[in-house]
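Chains as they are written, first to last, in the working numbering: chain A, 332 to 815; chain B, 1440 to 1842.
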């Protein structure tokens, strides 16, 4: 059975319509627990039993009233038994209301919870089914979700390593204002988990960047984001640090202020050396074209696949389109517009995709503009990207990879970057550091597997507000001195 | 099988248990628990030192809300639920007028007795908690408990069978204990503006958890729903649905408290039932590990009289609408978390449908209410415990929401 047919069947039964399930289709769906068959005799028995439900309910209620009027430790046993029967009859009534007759197999079908979930998956990904078989679809979705759980498992191991390492370091202990919190370490661990090497090596790499880099800054969050991104790059420490520091010097020569330099250079550290001159020229051009634009956003546009003039035109269009929807003014709006402008979608689709993402993210992030733009700029359809994001929220929550509730969405957003079912994973695909920016093929390190800018966006416009909130609100924020 | 009580870790509070000849008023059902487990009053360590360290034993409490502590190793089971002992009125953790800990140095700044003030100069700066003599919210000592309020709570609790009043789940009150005069004298010397002129009492109650609906816990169900799920061990959709069933059933029992406790006082010619007085579900109720909402602050539950069936209906309707938002918020919070975790319901409409379906089932055996579908509406039929034909009424639960 192909996936399209499976969707039609499950949708039909969900809508209580005849889906004409053939015997061979039946066995696929029933064996997976996606449909429950009910024979006619059972259905008749339930129908007869349910007819007594109203009178039983009335008797139970009258007996309960009588029991409550009479002091006693517990309800009488016959009342307890009747309540049990009432609950069973109610279940049978619910089943009767939901079941659908299937003429080809002469039986009824009941939708199951698992069936409803698979139907939701099939509906979300229906454009991508492409005639594939239903068993392949199920396996693919299973593997994808298992992969998410494995990634969180890796992040958990890395997080544990970071905590242990920090607690057991003997050399120069960071001053308290620079010490990372558990929340910081979980953020870093989730970024690092995307790099498929031994967690212990990732811990070591992060700590080496953290402790052995001359950051020239006392900004803790810059150091956190910088260390996480640099440690996530697939090269050795010296190569990455060398690239990072040389780009930082270059950026200084090009007038980028110190407070932007760490993250701007970290965001470009995966660009091959042969392309640096081109990227920095673009930085200059974009900065000239829009002097007020934050350098992090300038560098995101500079490494996009668009020439500076085109990138700035896209930015203007994104800003005006967002303003028409009522989203205007402020650094977070500007960041969102830049992310949209740097994204791979056609310019006419930018704002529509953003609006779809915004409608789904309302109430999750505060402010939600940059996360919505990150979702909108991803090569999946917005509803698909939202679906992946929600899967990620689920796995982060179920894995308890958080302490504060407000961490969950932020960590899930990192987890969602680059992953998708059905072979649609897109690491780096939405941030083409590549072809248009590189006039000469890279001679040294291989082309980066991760698009570092994405994490810069996340760190600056998603993590930083959360970190600020946590730093300025006591954990026991809900326990106030009043009432009670 | 007995379900264990759960509690969210919070700040440790050093208390000293004072036993001996204490004035105590309690529920006879808990007499042996009182004598064997919790008998005594519990004073903050700082006050014990100020009193000259009379005989007593140190006890570790866990901060619960502002003026209460949990004694998590003193537990008692009622039917199939275990409860933790909580002492209400054993010292405030926070200054009454600033959001800062009520430390010894803070206490010194409101001390009206030079001898005590001098003694406090020797105390360290840790947050000690203090029962003060500031008159607070009517006539209650800030950090302590007033006898009349405590007695209202005990009287309400005495109406419970187990931990229920006609299906309404409560945190039962074990008893009330009067603070010995030597401590009351100390407390009365600490106040900011207005001195409290009454006796100082403590209320000993039993709680199935310290997870409140929305306010006043380190973890609240409405805000930290994901952590509450972990705490309550909800690991599957089926677990969550059982929890929702209990939450829905108990919430609707709370919303119909007046109707389910209604009686007719033939001497006075009045109807009487329990109503909420300046208490709310969001801050005054806790959620048990199985989802059953237990009302904790029983000092805010008193009898209310209605003269006619029409007035009874008005009270029932007012009580329902005054609190239904808080209850619905909790149900929605649960459904949102289920969607986030397992994606078993998807989207707002699906969540509402699920909640209403579970609610219908949950209330099926409730003798005082029934939920009926009427077209696209869902209607709650409230049938009070007496005179249901003239005092009963319908309340719309959901408009245009049922398909």
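Positions of the beta carbon are idealized from the N, C-alpha and C atoms, including for glycine.
Chain B residues whose Cβ lies nearer than 9 Å to that of residue 513 (chain A): Within the first chain, residue 513 (chain A) is the residue found at index 182, counting from 1. The premise fails here: residue 513 (chain A) is roughly 14 Å from chain B at the closest Cβ pair, so nothing lies under 9 Å.
Environment of residue 1457 (chain B) [buried if 16+ CB atoms lie within 10 Å]: Here residue 1457 (chain B) is taken as the residue at index 18 of the second chain, counted from 1. Buried, by the Cβ-count rule.
Counted within 10 angstroms of its Cβ, other Cβ atoms place residue 419 (chain A) as buried (16 or more) or exposed: Position 88 of the first chain holds residue 419 (chain A). If you draw a 10 Å sphere on the C-beta of residue 419 (chain A), you find fewer than 16 other C-beta atoms in it, and that means exposed.
Spatial neighbours of residue 1836 (chain B) in its chain, beta-carbon cut-off 7 Å, leaving aside the 5 residues before and after: If you number the second chain from 1, residue 1836 (chain B) lands on position 397. Within its own chain, the residues whose Cβ lies closer than 7 Å to the Cβ of residue 1836 (chain B), once the five positions on either side in sequence are excluded, are 1810, 1817, 1818 and 1819, listed in chain order.
Residue 430 (chain A) burial status per 10 Å Cβ neighbour count (16 or more: buried): In the first chain, residue 430 (chain A) corresponds to position 99, counting from 1. Label assigned to residue 430 (chain A): buried.
Start and end residues, alpha helix (DSSP H) containing residue 1739 (chain B): Working through the second chain from its first residue, we reach residue 1739 (chain B) at position 300. Element bounds for residue 1739 (chain B): n/a, residue is neither H nor E.
Segment contact flag, the segment 542-556 of chain A with the segment 1442-1450 of chain B, C-beta cutoff 8 Å, min 3 pairs: No: fewer than three Cβ pairs fall under 8 Å.
Contact check, residue 434 (chain A) vs residue 489 (chain A), beta carbons under 8 Å: For the purposes of this step, residue 434 (chain A) is taken as the residue at position 103 of the first chain. For the purposes of this step, residue 489 (chain A) is taken as the residue at position 158 of the first chain. Residue 489 (chain A) sits away from residue 434 (chain A), with the two beta carbons spaced by 8 Å or more.
Beta-carbon proximity list for residue 1511 (chain B), same chain, < 7 Å, skipping 5 on both sides: Counting from one through the second chain, the residue named residue 1511 (chain B) turns up at place 72. Once the five neighbours on either side are set aside, the close Cβ partners of residue 1511 (chain B) are 1446, 1501 and 1523.
Same chain only: Cβ atoms within 6 Å of residue 1481 (chain B), ignoring 5 sequence neighbours per side: The sequence position of residue 1481 (chain B) within the second chain is 42, counting from 1. Counting only Cβ-Cβ distances below 6 Å, and skipping sequence neighbours, we find 1454, 1456, 1526 and 1529.
Cβ pair residue 587 (chain A), residue 790 (chain A) closer than 8 Å: Position 256 of the first chain, counting from 1, holds the residue named residue 587 (chain A). Position 459 of the first chain, counting from 1, holds the residue named residue 790 (chain A). No, they are not a contact pair.
Cβ pair residue 656 (chain A), residue 688 (chain A) closer than 8 Å: The residue you call residue 656 (chain A) lines up with position 325 of the first chain. The residue you call residue 688 (chain A) lines up with position 357 of the first chain. Judged by beta-carbon spacing, residue 688 (chain A) lies beyond the 8 Å limit of residue 656 (chain A), meaning their Cβ atoms are not closer than that value.
Contacts of residue 721 (chain A) in chain B (Cβ-Cβ under 9 Å): Locating residue 721 (chain A) in the first chain gives position 390, where the first residue counts as 1. Neighbourhood of residue 721 (chain A) in chain B, by CB distance below 9 Å: 1778, 1779, 1782 and 1785, in chain order.
Residue-chain proximity (residue 1596 (chain B), chain A), Cβ-Cβ < 8 Å: The count along the second chain starts at 1 and reaches residue 1596 (chain B) at position 157. False, the Cβ-Cβ gap to chain A never drops below 8 Å.
Sequence-distant residues of the same chain with beta carbon closer than 6 Å to residue 377 (chain A), five excluded per side: Along the first chain, read from residue 1 onward, the residue named residue 377 (chain A) stands at position 46. Excluding positions up to five away in sequence, the list reads 423 and 427.
Euclidean distance between Cα positions of residue 1728 (chain B) and residue 335 (chain A): As a first step, residue 1728 (chain B) is located in the second chain; it is residue number 289 there, counting from the start. As a first step, residue 335 (chain A) is located in the first chain; it is residue number 4 there, counting from the start. Spanning the two alpha carbons is a distance of roughly 42 Å.
Buried versus exposed, by CB contacts within 10 Å (16 or more), residue 553 (chain A): Here the question's residue 553 (chain A) lines up with position 222 in the first chain. By the Cβ neighbour-count rule, residue 553 (chain A) is buried, with 16 or more other Cβ atoms within 10 Å of its own.
Reference residue 1667 (chain B), options B:1681, B:1655, B:1651 and B:1677, closest by Cα: For the purposes of this step, residue 1667 (chain B) is taken as the residue at position 228 of the second chain. Of the candidates B:1681, B:1655, B:1651 and B:1677, the one whose C-alpha sits nearest the C-alpha of residue 1667 (chain B) is B:1651.
Neighbour-count burial assignment, residue 788 (chain A), 16 or more Cβ in a 10 Å radius: As a working note, residue 788 (chain A) is residue 457 in the first chain. A buried status is given to residue 788 (chain A), since no fewer than 16 other beta-carbon atoms sit within 10 Å of its beta-carbon.
Residues, ordered as in the chain, of the segment 1794-1814 of chain B that lie near chain A by beta-carbon distance below 7 Å: For the segment 1794-1814 of chain B, the beta-carbon criterion of a distance under 7 Å to any beta-carbon of chain A is satisfied by 1800, 1803, 1804 and 1806.
Residue 1724 (chain B) - partner residues in DSSP beta bridges: What you label residue 1724 (chain B) is simply residue 285 of the second chain in a count that begins at 1. Beta bridge pairing from DSSP links residue 1724 (chain B) with B:1734.
Residues near residue 756 (chain A) by beta carbon distance below 7 Å, same chain, minus five either side: Along the first chain, one-based indexing puts residue 756 (chain A) at 425. Cβ-Cβ distances below 7 Å link residue 756 (chain A) to 749 and 750 in the same chain, with the five nearest sequence neighbours on each side left out; the list follows chain order.
Where the segment 1573-1595 of chain B meets chain A: residues whose CB sits under 7 Å from a CB there: Listed by position along the chain: nothing, the set is empty.
Contacts around residue 1649 (chain B), its chain only, beta-carbon distance under 7 Å, and the 5 residues preceding and following it disregarded: Within the second chain, numbered from 1, the residue matching residue 1649 (chain B) stands at position 210. If we look at residue 1649 (chain B) and ignore the five residues flanking it on each side, its Cβ neighbours are 1446, 1447, 1503, 1509, 1656 and 1725.
Touch test, the segment 1739-1758 of chain B against the segment 1775-1782 of chain B, Cβ-Cβ under 8 Å, three pairs minimum: Of all C-beta pairs linking the segment 1739-1758 of chain B to the segment 1775-1782 of chain B, fewer than three are shorter than 8 Å, placing the two stretches out of contact.
Chain-ordered residues of the segment 1601-1635 of chain B with a beta carbon less than 8 Å from chain A: Of all residues in the segment 1601-1635 of chain B, only 1601, 1605 and 1606 come within less than 8 Å of chain A when Cβ atoms are compared, listed by chain position.
Whether residue 1697 (chain B) touches residue 1755 (chain B) by CB criterion (8 Å): By one-based count along the second chain, residue 1697 (chain B) stands at place 258. By one-based count along the second chain, residue 1755 (chain B) stands at place 316. Yes, the pair counts as a contact, with Cβ atoms nearer than the cut-off.
One or two residues paired with residue 1508 (chain B) in a DSSP bridge: Sequence index remark: in the second chain, residue 1508 (chain B) carries index 69 (1-based). Note: residue 1508 (chain B) is bridge-paired with B:1502 and B:1526 in the DSSP secondary-structure output.
Interface flag, residue 577 (chain A) vs chain B, CB-CB below 8 Å: Along the first chain, read from residue 1 onward, the residue named residue 577 (chain A) stands at position 246. No Cβ of chain B is located within less than 8 Å of the beta carbon of residue 577 (chain A).
Beta-carbon proximity list for residue 1459 (chain B), same chain, < 6 Å, skipping 5 on both sides: The residue given as residue 1459 (chain B) occupies position 20 in the second chain. Listed in chain order, the non-local C-beta contacts of residue 1459 (chain B) below 6 Å within the same chain number zero, local neighbours out to five positions each way being set aside.
Closest by C-alpha distance to residue 1797 (chain B), when choosing among B:1627, B:1496 and B:1767: Position 358 of the second chain, counting from 1, holds the residue named residue 1797 (chain B). Taking only the C-alpha atoms, the option nearest residue 1797 (chain B) is B:1767.
DSSP-derived helix/strand/coil call for residue 1631 (chain B): Here the question's residue 1631 (chain B) lines up with position 192 in the second chain. Correct three-state label for residue 1631 (chain B): coil.
Under 7 Å from the C-beta of residue 417 (chain A): neighbouring residues of chain B: For the purposes of this step, residue 417 (chain A) is identified with residue 86 of the first chain, where counting begins at 1. Within 7 Å Cβ-Cβ: 1803 and 1804.
Residue from B:1477, B:1489 and B:1583 whose Cα sits closest to the Cα of residue 1550 (chain B): Taking the first residue of the second chain as position 1, residue 1550 (chain B) is located at position 111. Of the candidates B:1477, B:1489 and B:1583, the one whose C-alpha sits nearest the C-alpha of residue 1550 (chain B) is B:1489.
Within chain A, partners of residue 1666 (chain B) - CB distance below 9 Å: By 1-based counting over the second chain, the position of residue 1666 (chain B) is 227. Neighbours of residue 1666 (chain B) in chain A, taken as residues whose beta carbon is under 9 Å from its own, are 731, 733, 734, 735 and 736 in chain order.
Cβ-based burial, residue 1732 (chain B) [other Cβ within 10 Å; buried from 16]: Here residue 1732 (chain B) is taken as the residue at index 293 of the second chain, counted from 1. Buried, because 16 or more other Cβ atoms sit within 10 Å of the Cβ of residue 1732 (chain B).
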